[in-house]
Structure formats: structure tokens, C-alpha cells
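Engineer:
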Amino acid sequence: LMERKTHVKINRKEIMLAKLRKSCSCTPQKLKNFLMDFFPVLRWLPKYRCKEYIWGDIMSGLVIGIILVPQAIAYSLLAGLKPIYSLYTSFFANIIYFLMGTSRHVSVGIFSLISLMVGQVVDRELLLAGFDLNDDAPPASGDGSLQNDNLSSTTAFNLTTVGINAECGKECYAIGIATALTFMAGVYQVLMGIFRLGFVSMYLSESVLDGFATGASLTILTAQVKYLIGIKIPRSQGHGMLVITWINIFRNISQANLCDVITSAICIVVLVTAKELGDRYKHKLKFPLPTELVVIVVATLVSHYGKLNEVYASSVSGAIPTGFIPPKVPEFNLMLRVALDALPLAIVSFVFTVSLSEMFAKKYAYTIRANQEMFAVGFCNIIPSFFHSFATSAALAKTLVKTSTGCQTQISGVISAMVVLLVLLFLAPLFYSLQKCVLACIIIVSLRGALRKFRDVPARYRVNKVDTLVWVVTMSASALVSTEIGLLVGIVFSMLCIIVRTQRPRTALLGQIQDTSFYEDDSEYENLSTVPKVKIFRFEAPLYYANRNYFLKSLYRLTNLDPNLEAARRKKHEKKEKQHLKKGNHRTANGLGIGETTLQLVPKQIDFQALIVDCSSISFLDTTGVNTLKEILKDYKNLNISVLLACCNPSVIESLKRGGYFGKDFGCMQEMVFYSIHNAVLFAKDQK
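Sequential numbering of the sequence shown, starting at 1, is according to full-length UniProt numbering.
(1) Taking the C-alpha atoms as reference points, what is the distance between G490 and D210?
(2) Taking the beta carbon of W471 as the centre, do at least 16 other beta carbons fall within 10 Å, making it buried, or is it exposed?
(3) Tell me the DSSP bridge mates of D607?
(4) Could you spell out the range, first to last residue, of the alpha helix (DSSP H) harbouring F539?
(5) What ranges does the alpha helix (DSSP H) occupy inside the segment 471 to 523, keeping only unbroken runs of at least 4 residues that lie completely in it?
(6) Between the C-alpha atoms of M669 and V351, what's the straight-line distance to the nearest angstrom?
(7) Taking 6 Å as the limit between beta carbons, can you name the residues of its chain near L42, skipping five residues before and five after?
(8) Determine, using beta-carbon pairs with one atom in the segment 400 to 416 and one in the segment 188 to 195, whether at least three such pairs fall under 8 Å.
(9) Classify L424 as helix, strand or coil using the three-state DSSP reduction.
(10) Please tell me whether T392 and F111 are closer than 8 Å, where the distance is taken between their beta carbons.
(11) Indicate whether the contact test is met: 3 or more Cβ pairs, each with one atom in the segment 611 to 623 and one in the segment 637 to 653, closer than 8 Å.
(12) Measuring only the C-alpha atoms, how far is T353 from C172?
(13) Tell me, please, whether the segment 209 to 226 touches the segment 445 to 458 by the rule of three or more beta-carbon pairs shorter than 8 Å.
(14) Is the beta carbon of L434 sitting closer than 8 Å to the one on A319?
(15) Let me know the secondary structure DSSP gives I415 once reduced to three states.
(16) Who are the near neighbours of A589 in its chain, counting only those whose CB is closer than 6 Å to its CB and skipping five residues on each side?
(17) Give the DSSP-derived three-state secondary structure of F324 in the structure shown.
(18) State the beta-bridge partners of V121 as determined by DSSP.
(19) If you measure from the CB of G511, is any heavy atom of the ligand SAH nearer than 7 Å?
(20) Measuring straight from C-alpha to C-alpha, what distance separates V377 and G486?
(21) Cα-Cα, which of R570, I677, A339 and T27 is closest to V187?
(22) Pick helix, strand or coil for D665, following the three-state DSSP scheme.
(23) Pull up the DSSP beta-bridge partners for V316, would you.
(24) Among residues of its own chain, excluding the 5 on either side of H239, which ones have a beta-carbon nearer than 6 Å to its beta-carbon?
(25) A646 lies in the alpha helix (DSSP H); which residues open and close that run?
(26) Considering only residues of the same chain and omitting the five flanking positions on each side of K226, which have a CB-CB separation below 7 Å?
(27) Considering only DSSP beta bridges, list what D614 is partnered with.
(28) May I ask which residues mark the beginning and end of the alpha helix (DSSP H) holding P83?
(29) Rounded to a whole number of angstroms, what is the C-alpha to C-alpha distance between residue 691 and K572?
(30) Hey, how far is the Cα of S141 from the Cα of D132?
(31) In the DSSP assignment, what residue or residues form a beta bridge with V109?
(32) So V316 and Y432 are supposed to be a Cβ contact under 8 Å. How far apart are they, rounded?
(33) Apart from the five residues on each side of it in sequence, which residues of its chain come closer than 6 Å, Cβ to Cβ, to F157?
(34) Does DSSP put F386 in a helix, a strand or coil?
(35) Return the first residue and the last residue of the alpha helix (DSSP H) that E358 is part of.
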């Protein structure tokens, strides 16, 4: 016999007060621990093994810095901002994560999906403010007026409405929106860390994240096509942006710039070939080929000396200033406008960073603190927003490069930041003649990994059909509606799938494996023997209010007996029999005898005397679930059929006790619930 342990009742109030007193106390040691927890660099930097780690960190830092510069310039197209702001973002993110991050390997900085989400909000607010989204539109003059007088008045009115000086031009307003959005996203992440809301990331399954990334990649690719072929079309906004953009592309395909088309074709061939060769021979290469940097340097030289902008009207990056712009507090009025947009941005940024941190921590056998990661990413957004930067996240591609080039700690992030700083202070003006189609090629080639997910659909479908459906729905919504709506649709749809699967779970009658004490699904396995006079029913889900009816229908269908209908038939038969006996008439109205009437009203004889419910898959019961089991216990008892429960976990037994299933004194409990199906079967056989 097994007896339940007596658990000491916990006084939660006292525990909460004790924790509160402990957290409110301040001692030198506690302050030291707080600082070391908040700035993990204080723990690991004094223990840094310089001789062992330094060369790997320097090499990986230099390689990432070389990759980061062209990617930062390219991703500025996605964010709808000038390249200088992308460089600021890459610089500050690496420095802050070095101080606050707990992962040794992830590369935090500019990320294509985050840049796209920022760019969509920036474009929407620019349109509402009356600006022209055409990248090549003439810039605003010193007094803030645009080319069109009507447009000028609209812009001035809208900017004054949101509380910004009307002299702020398009570029100024765009970075104002981006910094306000970034600040709010960082605030959300810090608040999530304070209130320990990291569990939110659990609702983003792998299928949802993969579908979201693939759908957003299609949107990114679509947005870059106009730069590839050099046509000037308005940047589409709102739902259905992907479809509208492709319609505009085909309408204006005749205006394609031949110089941009040729340049794009050459760059894509070179980049894809180099990437494929790098993947094939990566075990022989000590570090990845800096193909993007080579392509950018060569393309810039060709564009500059070939005067491609002046002769062929090829769109170029333009002037990139050096140095740092004075810091500025993000506009509070703009924060209110983008507060809702910042929420999905904060969640996606945090989820990608934590998932990558956990993946590489597991690979290299160390631990991270998810809550501290949330603080780190939050401050990687809050602090840089004062320095004209936009939202950041960890990026898988750059992290893989870091680990493959010998990265040991976040010292490599500081080295990468120094490379970016060198560009910011001295080299940025050299990229003036760089064609935008070259940047678009770099972005599109970087999407290879996400777009290759389409090849995995058949394999994914064979593994799990429901997860494949979640992936398809999330990808379609992210691409065809919008990225934010796609993420929300994916989360809701995946949760609905879970609910549906618990509402209509597998049910089965079990048979005994011959010469053993084990029982399995009779419809799935052959050569199982049925237990005489006993039915064993398995329900593979929690029993709660949403699946109560399905539980009862499945039970009645598989046992071929509805106790309520059977009881009604018996009562009807007994009533008619009494009426005929009372009248003394041995013939019924339709000419049948009483015995024949009995055959019509009563079904064939019940072929079982005991019903065993296998509760091994029932993880919990709610009030409705307990009442359902009490109901079948009563209904089958009226037919002289005993109901036995087997393999109940402690929480289910506790719910049954509280619900009064075993009676007031639990006296019959040992005859109603059993620790194994076989014990229940033996008990049923012993009953007369």
C-alpha cells in the first residue's frame, strides 16, 4: 500500500514578507552582488585568460566588424534611414551588450527582421506627416518646406501636431520616429525583466518563429527588388504591401535602369558563388571570406570612376557624415504614437536574442540568465536611442561566424565596435558612390537561410502536420498582411491548434498484450486479447469543460452503450409491462406478445460488467471533469456496471477527493482507483 505524504501548509504571506524584507535591505555585499549581476562583465573580465582567449576574440571581432559595416549600410534601406544611423546602432549595441550580456558568443546589433519592422513604422509615420517616401525625392530645404507648396503646409501642420519643430525635415523626422520606437521597445523589455515576464517567449513556438522569419524575408526581398532593377516606385504601406509592391514593379518594369540590372546580376552571382563555396569548404577555411566587403569596395570604385550616377542615373548611397551627432532625448509625443508598434518589436527582439543565447550556451556548456538577457537587450535599445540609433537584436548568421572564427568572450564585440568606430570617424565618406542596388544584393543574399525553409516543408510535413500548418499560416500572414499581424496570427493560431487537439484527442479501447500485464490500443496493434466482461477506455488529454462532450460521446461510441438511453429504454419497458399486467391483457395493441415487446424495447444483452478508465494521459481535471466522472459513475452503476479508474496522477486523485468522487470518508477509494490497469482488471474479474 502507498500512502500520500502529509505536506506542511506553507504560509505564503510570511514568505512574501520575508522576501520583501530581504529585497529592501541594503548591505555592501548585497550592493556588490547587484552590480555584478547587472554588469556580468565585472565577474568574467577579471578571470579573462588573455593568452588563451585573446587571439580568437581579436580574429572574430575583426571578421564580424568587416562583415558588419556593409550589412549596416545595406540594412539602412530596410529601416528607411540614412546609413550613418545603422553604423551608430552597430557600435553602441556591441559596447552595451559587452557590459550587460551573459552570452559569450551571440552577436548583437543590426538585424534584418528588426530593421524591416522599424522601417514599416517609419514609412507609415512619414506618410501621415505628409512626406514623400521616394528615396530620391529632393530633400527639404532649410525652412522645412518641400517642393510642393501644398505638401509643405501639410508637413508643417502634421509635425506641429505631434509636437516637433516644423523645421525638422524628412531625415530628421524619420530618425525621430525610429528612436522613439526603439526607446519604447527597450522600456517594454526592461519592464518585462523587472516583472519576470520572460515566459511570454514560450508562446512563440519554433514553427511560429520560422514562419514569421520566412514571411518577413519575402517582404524584405520584395522591398529590395526596386533597387535591384533601378525603378522608382512608391514604397507601399499597410496590409497587402507585398502584393501591391509586385503590381507596381510589373507596371514600371519598362523603366528599369540597365546599369543597375547588370550590376545587380554580377553582384548576386559573385555573392552566391562565394557563399556556396564558403559553405562547402568551411572546414578548410580558418575564417569566412569577407565577400560583402570586397564587393562593396570594388563596386564603389567602379561607380566612382565610371561616374555611374551622373552618366546612367544609377541611385547611390550619398554622403555619409563622419563623427557623432550630439545626443538627443527621443520625443515623448512620438513615443505615444508608436507605443503599440513597439510591443511586437520588443518581443521579437528579446525572443531571437534569448533563443540564440540559450542555443550557443548549451553547445559550449555554460549557462545564461534569461532575465538578465532581457535587461541587456532592453538597454541596448534604450541607451542608443539617445544617440540616433534604432532597435537591435542578436543575429544568427553573425553569431555563427563569430563562433567559427574562434570567439571566446564578448571582447570580440568590443573589437567589432572599434572597426565600426574607425568607419564612423574616417572611412564613411568613401561610400558616397556606392550603388543602392549593391546594398540590395547583399540584403537578398543574406536571406538565403530563411528562404531555404521552403525546401524543408515536405520533411516538416512528414514529421508533424499541425506544425507545418502553423508555419504556413504564420508565413502567409506575415508576407501577405503585415509582419506584426503575421506574428499575432501565428501565436493565436498555434494556441488554437493546441486547444483543438485537447478538445478532440485520441480515444481508444485497450486490449491485453498476450501473457503480459500490459495493455495497448486495440485499433493500432494486432494479436491483443480482449478481457472478458471488461472494457478499458483511454482518453489522451486533460478532461475539462471544453472536451467533456467529446469524452462522453467517444466513451459511448467505443463501448457501444449509452447508459442514459439504456436506462430510458428499461424504464419505458417496465412502464408498459406494468400497464399490460395491470389490465390483465397478454396481447399488446399491435398484436405482439409481452415477450416480443421486451425484445423490441431492450437492446442486446450488455457484454461487460466493468468499465476501466485509463487516466494515465489525463494530466488534470477541472470541476466539469470531476462532475463528468461522477456522472458516468452514477449512470453505469444504475446498469450494474462498475467504473474503475487506473493510473491516476496525484493531482487528479486530489481533484477527485475535493470533488467528492470517493464519498465523504473515502472508504471506497481502494475499490475505485488503482495504480495500474492490470490491478483494476484483476479486481474486476474477482467481482461477482
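Each residue gets a CB set at the ideal place from its N, CA and C atoms; glycine is no exception.
Structural biologist: With the structure as the only source:
(1) 10 Å
(2) buried
(3) According to DSSP, D607 bridges with nothing at all.
(4) Unbroken run through F539 is the beta strand (DSSP E), K533 to F539; no alpha helix (DSSP H).
(5) 483 to 503
(6) 47 Å
(7) M36
(8) no
(9) helix
(10) yes
(11) yes
(12) 29 Å
(13) yes
(14) no
(15) helix
(16) Note on A589: pLDDT 45, under 50, position unreliable in the model; no value is reported.
(17) coil
(18) In the DSSP output, where bridge partners are listed per residue, V121 has none listed.
(19) Of the ligands one can find in the structure shown there are none, so the ligand SAH has no counterpart to examine.
(20) 23 Å
(21) A339
(22) coil
(23) Q435
(24) V481 and S482
(25) Premise fails: A646 lies in the beta strand (DSSP E), S642 to A646, not in any alpha helix (DSSP H).
(26) I233 and I249
(27) R538 and A646
(28) P83 to M100
(29) Residue 691 falls outside the range modelled here, since the chain spans only 1 to 688, and no answer is possible.
(30) Here S141 scores only 37 on pLDDT, less than 50, and its place in the model should not be relied on; the value that follows carries that caveat. Spanning the two alpha carbons is a distance of roughly 14 Å.
(31) For the record, residue 109 in the displayed sequence is Gly; it is not Val. Paired residue(s): S393.
(32) 7 Å
(33) Interpretation of F157 is limited by its pLDDT of 39, a score under 50 that renders its predicted location unreliable; no figure is taken from the coordinates.
(34) coil
(35) F332 to K363
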